[in-house]
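Enquirer: Residues in the sequence shown are numbered consecutively from 26, following the numbering used here. Backbone N, C-alpha and C define an ideal beta-carbon position, used for all residues, glycine too. Keep in mind it's a predicted model, so treat the numbers as computed, not measured. Can you read through this structure? Questions will come right after.
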Amino acid sequence: MRFLGQLTAVCLALPCLTVSSRAETYDARIDGPQVLTPPAGPAPAINGPEIYGVRPGSPVIDRVPTTGSRPIRFTAKDLPDSLRIDQAKGIITGHAPATAGRHVVTFLAEHDHGKDERKLTFVIGDKFALTPPMGWNHWYTHYHFITDAKIRVAAEAMVASGMADVGYSYVSCDDCWMRIAPEYVGQSIDTNQKTPSTGLDLEAVVGEVRDADGRILPNKNFPDMPALTGFIHALGLKAGIYSSPGPRTCQQFEGSYGHEEIDVKTYADWGFDLLASINLAACATSGAGRMPAPSPTGSPSASVPAVVPSSASLLPKTADPALMERENDNA
């Protein structure tokens, strides 16, 4: 099971965005997808969570998820001085207050057809992800053929399709954004991947996996990671990235084993908001997820064959708003 949920990946796979028949109940006689969710009316309706966790002083990027005909005017009452709201887009940016505490903000969305009001509590402290992250992950749409351009298209589709208006907010890169060392190409995707790697541009993805300082290198399909996260943030969405706690990913691309601290810092410097560090049980058979020795920054758990606890302990040192980890995935 991949992070952020497979239903999202299926529903937001780009060919599926142009569905479908609309009905009140499911009808097995209808060929193709059926949308049972009632259509949104013209009046503004604010959706989304009622609580938002963030560390003191950390960057904030969020949007007021609202259905209804546009344009809508957004305002906020009791918004902390360190935050601001774009009144035309409903996007909240800035930094969390510097001290721990709770801030209850009232958002108002209004136009000629009506208005809606909703409270959101910002919880400033050492807890985040207080509600389940909702978003899109590229894996079951693009597999190892993922590129910067495809991530941008998905981010725009999340807004255009109305997904962002009901609370979906994460756009995430899964495996194969990094590089693969030449010696592992032969063991790569054809043996471990249900979808064959025929057509993969090896020149773009094969090469040195880290720079002279040990920083992980994206492949040529991702020429500018900060620009990519900036594009996603400009839409009021959050950016997620995947890494393996093992030496290599399931597809044999570079993992974080032995480089946990520098990789977490790199992802935060690039502007990513979520980190999925997943030890897939399926990778153990290929050796990609197998731990050869204790990591310099921590020892693998006896019950969890991964360095995830070590990486998790590094997260409070970063300046990111919501870097998270998931320790194991045995699906």
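#1: Counting pairs of beta carbons, one from the region 119 to 136 and one from the region 156 to 167, are three or more of them closer than 8 angstroms?
#2: Identify which residue in Gly-93, Val-130 and Ile-97 has its Cα closest to the Cα of Arg-109.
#3: Roughly how many whole angstroms lie between the Cα atoms of Gly-82 and Tyr-51?
#4: How many angstroms separate the CA atom of Gly-323 from the CA atom of Ser-268?
#5: How many Å lie between Ile-116 and Pro-63 at the Cα?
#6: Assign Glu-285 to one of two classes, buried (16 or more other C-beta atoms within 10 Å of its C-beta) or exposed (fewer than that).
#7: Could you check what DSSP says for Asp-173 in three-state terms: helix, strand or coil?
#8: Pick from Ile-76, His-167 and Ser-194: whose alpha carbon is nearest that of Gly-224?
#9: Following the continuous beta strand (DSSP E) through Leu-227, name the residue where it begins and the one where it ends.
#10: How would you label Gly-57, buried or exposed, when you count the other beta carbons within 10 angstroms and need 16 or more for buried?
#11: Using a threshold of 8 angstroms, state whether the C-beta atoms of Ala-121 and Arg-80 are closer than that.
#12: Starting from Asp-87, trace the beta strand (DSSP E) in both directions and tell me its first and last residue.
#13: By DSSP, does Ile-149 sit in helix, in strand, or in coil?
#14: Which runs of the beta strand (DSSP E) at least 3 residues long sit entirely within the region 67 to 137? Give them in chain order.
#15: Among Pro-251, Gly-261 and Ser-302, which has the Cα closest to the Cα of Cys-275?
#16: For Leu-299, report the span of its beta strand (DSSP E) as first-last.
#17: Would you call the region 190 to 206 in contact with the region 129 to 146, where contact means no fewer than 3 C-beta pairs closer than 8 angstroms?
#18: When we look at the beta-carbon of Asp-106 and count the other beta-carbons within 10 Å, is it buried (16 or more) or exposed?
#19: Could you round the C-beta distance between Ile-241 and Asp-288 to whole angstroms and report it? I think they count as a contact, below 8 angstroms.
#20: Checking 8 angstroms against the spacing of the C-beta atoms, do Pro-69 and Gly-93 come in under that value?
#21: According to DSSP, what are the bridge partners of Gln-277?
#22: Would you identify the three-state DSSP class for Tyr-51, choosing helix, strand or coil?
Expert: Here's the rundown:
#1: Touching, no.
#2: From the listed residues Gly-93, Val-130 and Ile-97, the smallest Cα separation to Arg-109 is found for Val-130.
#3: Straight-line spacing of the CA atoms in Gly-82 and Tyr-51 works out to 48 angstroms.
#4: In this prediction, Gly-323 has a pLDDT of 40, which is less than 50 and means its spatial position is unreliable; what the coordinates show is noted afterwards. Spanning the alpha carbons of Gly-323 and Ser-268 requires a straight line of approximately 17 angstroms.
#5: So the alpha carbons of these two residues sit roughly 25 angstroms apart.
#6: Classification for Glu-285: buried.
#7: Three-state DSSP puts Asp-173 in a helix.
#8: Out of Ile-76, His-167 and Ser-194, His-167 has the C-alpha closest to the C-alpha of Gly-224.
#9: Premise fails: Leu-227 lies in the alpha helix (DSSP H), 227 to 230, not in any beta strand (DSSP E).
#10: By the Cβ-count criterion, Gly-57 is exposed, with fewer than 16 other Cβ atoms from all chains shown falling within 10 Å of its own Cβ.
#11: Between Ala-121 and Arg-80, the C-beta spacing is below 8 angstroms.
#12: Taken as a continuous stretch (DSSP letters only), the beta strand (DSSP E) holding Asp-87 covers 84 to 88.
#13: It is a strand residue.
#14: For the region 67 to 137, whole beta strand (DSSP E) runs of length 3 or above, ordered along the chain, are 76 to 79, 84 to 88, 98 to 102, 108 to 110, 116 to 120 and 126 to 136.
#15: Of the candidates Pro-251, Gly-261 and Ser-302, the one whose C-alpha sits nearest the C-alpha of Cys-275 is Ser-302.
#16: 299 to 302 is the extent of the beta strand (DSSP E) around Leu-299.
#17: The region 190 to 206 makes no contact with the region 129 to 146, as fewer than three CB pairs between them are under 8 angstroms.
#18: With fewer than 16 Cβ atoms within 10 Å of its Cβ, Asp-106 is classed as exposed.
#19: At roughly 6 angstroms, the Cβ-Cβ gap stays under 8 angstroms, so Ile-241 and Asp-288 are in contact.
#20: Yes.
#21: Gln-277 has no beta-bridge partner at all, per DSSP.
#22: Looking at Tyr-51 - three-state DSSP - the assignment turns out to be coil, as it is neither helix nor strand.
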